[in-house]
Amino acid sequence: MISKKQQQVITATAPALKEHGLALTTHFYKRMFQHHPELKNVFNMGNQKNGKQQQALAMALLAYAEHISRPEVLLPDLHRIGHKHVSLDIRPEHYPIVGNHLLAAIKEVLGDSATADIIDAWEAAYYQLAELMIGLEADMYQKLTNEPGGWTGWRPFQVAKKVEESSEITSFYLYPSDKGKVLPHLPGQFISLKVFLPDPGLNQSRQYSISSIPDENYYRISVKREQGPQPNTNGMISNRLHDFVDVGDIVELTAPSGNFTLNEESKTPLVLISGGVGVTPLISMLQTAIEKDHEQAITWIHGCRSQEVHAFKNKIHEINAEKPNMEQYVFFDQVTAKDRKNGILQGPVALDSLPGNKIPSNAQCYICGPAGFIEKQYQDLKAIGIHENAIFFEEFGPQQLSLN
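Numbered according to the working numbering, the sequence shown spans residues 3 to 406.
Here you go:
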């Protein structure tokens, strides 16, 4: 248990973390992978290469230092991180490895500034946090094993069907190889998928939102092909699925995770705002709301580059035509005369360009897309009077502490 004095020491290190946090976490990961290269098969090396994982950890350490006397205020964020850990099959035995190298990195980066009191305080703080995370994750693992169709760890699935949704997004229908049932996901959740990449010669995992409605027989993921001559690791995983994984092939999945989920009991209007491949969790939310006969207004807002990359457009048009309580607004960056005739708006997505007041003040709003897209829509929703507690979002990538 961390003492009051140690809490004060941790709080006093917050300015140093602001200044040196990224250097610290960068050194930490480099050090840990040197001593435990096998962990490169656990961590997403794409997020290492682009610096997102280092930045996420630096921000998490700073938030923890600033709230060390009341860590419970971080519980919503810690739950999000716990879901990501469970999706990657992180176990209690991983925490001492991380702790040892984090403490060593603090000594090596801060040098003489890292006094014995500081190291002792951070050791107590880290293991307090580790104990909390291990407990949260144990509850998540237990829940997965208790639910019908649930499991923990990696389970083989067979590709039953591949369907092109646009020029760059393809859906994969995945059924368990053991012919058993699966845990129906909550709309908005993701699975982790693991494949072997010949270059760099590692097993690598990436999270993909489940784009189908909840089902006990299969999951559908919808994967964007990453363009460019040298895609990062995330792009390499997605492109390998496109180019080398065919019907009948086997991939490994963990059970559905994530708390960016539709409130299926809500009786308020529903607003779904997506950018690009961020459409994938929201199409699951939309179809679930329709299946549940959601009676309030549903507003579908989507932005992408052009007609060619507009995924699920036929399904959305079909739903929109059948449901009088639904309206859709689509933005293209590249709008043709034909697009304008069909009601397409000039992108990027701008809520103030919607005809009339189309966002009900009591709506629950869900956003998914790139970080900049989320930030803009979040601020625009607040500007028109939507309370922040009614705005839910998910950015694809490492979990951080937190957007406000």
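Cβ atoms here follow ideal geometry from the backbone N, Cα and C, with glycine treated the same way. Quick caveat, the model's predicted, so the values are computed rather than measured.
Counterpart residues of residue i in DSSP-defined beta bridges
i    : result
L347 : F333
F159 : P178, V253
G151 : The partner list for G151 (beta bridge, DSSP) is empty, contrary to what the question assumes.
K164 : F174
Y210 : I193
S224 : S173
L204 : L199
L272 : I300, Q366
M3   : Paired residue(s): none; M3 is not in a bridge.
G305 : G277, F333
I393 : C367
Same chain only: Cβ atoms within 6 Å of residue i, ignoring 5 sequence neighbours per side
i    : result
S173 : V165, E167, R222, S224
D335 : R307, G349
H87  : E139
R242 : V197
Q10  : none
Y175 : A162, K163, Y220, R222
H96  : none
N406 : In this prediction, N406 scores a pLDDT of 35, lower than 50, which makes its location untrustworthy; no coordinate-derived value is stated.
Nearest-angstrom Cα separation, counted from residue j out to residue i
i    : j    : result
Q402 : A299 : Interpretation of Q402 is limited by its pLDDT of 47, a score under 50 that renders its predicted location unreliable; no figure is taken from the coordinates.
P357 : I303 : 12 Å
E310 : T117 : 59 Å
S5   : P271 : 47 Å
F159 : D354 : 44 Å
A339 : R307 : 15 Å
Q381 : L41  : 38 Å
Q50  : Q56  : 7 Å
A257 : K181 : 15 Å
D91  : R82  : 14 Å
D251 : A107 : 42 Å
I99  : E320 : 52 Å
T263 : D114 : 46 Å
I388 : G137 : 35 Å
V332 : V273 : 13 Å
S404 : Y66  : Confidence at S404 is low in this model, with a pLDDT of 40, below 50, so its placement is unreliable and the value that follows should be read with caution. One C-alpha to the other measures close to 12 Å.
I12  : S71  : 9 Å
R227 : M3   : 48 Å
E149 : E267 : 20 Å
V253 : L195 : 7 Å
Y210 : W124 : 34 Å
H37  : E68  : 30 Å
I318 : T301 : 11 Å
Q255 : R157 : Note that residue 255 is Leu in the sequence shown, not Gln. Each residue's alpha carbon lies about 5 Å from the other.
8 Å contact criterion, which residue i and residue j should meet: CB distance rounded
i    : j    : result
Q407 : I212 : The requested residue 407 does not occur in the structure, where the chain is confined to residues 3 to 406.
N234 : G53  : Between G53 and N234 the Cβ distance is about 11 Å, and since that is not below 8 Å, they are no contact.
Q379 : V351 : 7 Å
C367 : I386 : Between I386 and C367 the Cβ distance is about 10 Å, and since that is not below 8 Å, they are no contact.
E218 : K163 : Not confirmed; about 17 Å, so no contact.
E396 : P283 : 7 Å
V161 : V249 : 5 Å
L134 : P73  : 7 Å
H85  : S363 : The Cβ separation is near 30 Å, so there is no contact.
Q232 : N46  : Actually they are not in contact, since the Cβ atoms of Q232 and N46 sit about 17 Å apart, beyond 8 Å.
A127 : Q8   : 7 Å
Residues near residue i by beta carbon distance below 8 Å, same chain, minus five either side
i    : result
L112 : A18, H22, L26, I120
I215 : P189, S286, Q289, T290, E293
L146 : V88, G152, W153, T154, L185, A257
H244 : T172, V225, R227
Sequence-distant residues of its chain with Cβ nearer than 7 Å to residue i (five each side left out)
i    : result
L59  : T27
Y143 : V88, T154
A313 : E167, S168, I171, S224, V281
P2   : Because residue 2 is not part of the residues shown, which for the chain are 3 to 406, the question remains open.
G277 : G305, V351, G371, P372, F375
V279 : I171, K226
D295 : none
Residue-chain proximity (residue i, chain C), Cβ-Cβ < 7 Å
i    : result
I215 : Checking the listed chains, one finds no chain C in this structure; it contains a single protein chain.
Exercise. Is there contact here, the stretch 238-254 with the stretch 193-204, by at least three beta-carbon pairs under 8 Å?
Worked result: Counting Cβ pairs under 8 Å, three or more are found: they touch.
For this session: Determine contact between the stretch 341-349 and the stretch 369-377, defined as no fewer than three beta-carbon pairs at a distance below 8 Å.
Result: Contact between the stretch 341-349 and the stretch 369-377 is absent: fewer than 3 CB-CB pairs across the two stretches fall below 8 Å.
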